[in-house]
Amino acid sequence: MKELEKLPDFFTPKEASTRGVTPYMLSKMLSEGLLEKADRGVYKKSEAVDLGEWTGFVAASKKVGHQNAICLLSALVYHKLAEAVPTTVWLLVDFNVRSTKEGITVFRRRDPHWNIGILKDGPILVTDLERTLVECLVFKDKVGYNETFYALKKALNRNNPMTRASLVLDRAKALGAEHLIQKSMEPFIYE
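The letter at position 12 of the sequence shown is residue 11 when you use numbering that gives the first Met the number 0, and the numbering goes up by one with no holes.
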């Protein structure tokens, strides 16, 4: 079907409609096995790469619809620094974006700094390791003190470091948050 070529690997019915694919065509492609439901309100081409555990991140990102990036607790999961998997997907969005979609927690920022510490991994954007640590420290009341310091200790582990304290501080400076995390970082700087 030539309509299938117009669609990205993951998409919402609204995105399909803007590309000239009607609900009838979607239904037909589903019944023919050309499409699969990735999540409620999100479809995936059958031939698209299976993202396994990251499919939930892609679906949440598509549901919000505006520019967004996986952040905070979900980014900790992405970077393998979380003690527990959150029940919702945390997305960084512009302050004007609102979402009441189930399973999504939006983290609204007046200036999201889209050009600082954002990685593109396939169909999703995610905050990089250093930015994730900075934002978890700044917003540890939302993330949780234990979760934040567990991630920080694991990332800066002397025997197997994932990053360096100086890189975390550099990222904080770029985000204008160095003064907010300086005290929390002192044990790791002077270790």
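We put the CB at the ideal spot given by N, CA and C, even for glycine.
Quantities reported herein were computed from a predicted structural model and do not represent experimental measurements.
8 Å CB neighbourhood of residue i in its chain, flanking five on each side removed
| i | result |
| --- | --- |
| residue 14 | 6, 7 and 61 |
| residue 36 | 29, 42 and 43 |
| residue 180 | 133, 136, 137, 167, 168 and 171 |
8 Å contact criterion, which residue i and residue j should meet: CB distance rounded
| i | j | result |
| --- | --- | --- |
| residue 70 | residue 89 | 5 Å |
| residue 68 | residue 91 | 5 Å |
| residue 193 | residue 112 | In the structure as shown, the chain starts at 0 and stops at 190, and residue 193 therefore has no counterpart that could be examined. |
| residue 40 | residue 12 | 7 Å |
Three-state secondary structure assigned by DSSP to residue i
| i | result |
| --- | --- |
| residue 35 | strand |
| residue 123 | strand |
| residue 6 | coil |
| residue 80 | coil |
| residue 30 | helix |
| residue 98 | coil |
| residue 17 | helix |
| residue 131 | helix |
Beta-ladder partner(s) of residue i, from DSSP
| i | result |
| --- | --- |
| residue 23 | Paired residues: none, contrary to the question. |
| residue 93 | 108 |
| residue 88 | 103 |
| residue 117 | 126 |
Neighbourhood of residue i by C-beta, 6 Å cutoff - its chain only, sequence neighbours within 5 removed
| i | result |
| --- | --- |
| residue 122 | 9 and 57 |
| residue 2 | 20 and 24 |
| residue 127 | 116 and 118 |
query: Which runs of the beta strand (DSSP E) fall wholly inside the stretch 38-73 and span at least 3 residues, in chain order?
result: Uninterrupted beta strand (DSSP E) stretches at least 3 residues long and entirely within the stretch 38-73 occur at 41-44 and 67-69, given in chain order.
field: Inside the stretch 138-183 only - alpha helix (DSSP H) runs reaching at least 4 residues
entry: The stretch 138-183 contains these whole alpha helix (DSSP H) runs: 139-142, 144-154 and 164-174.
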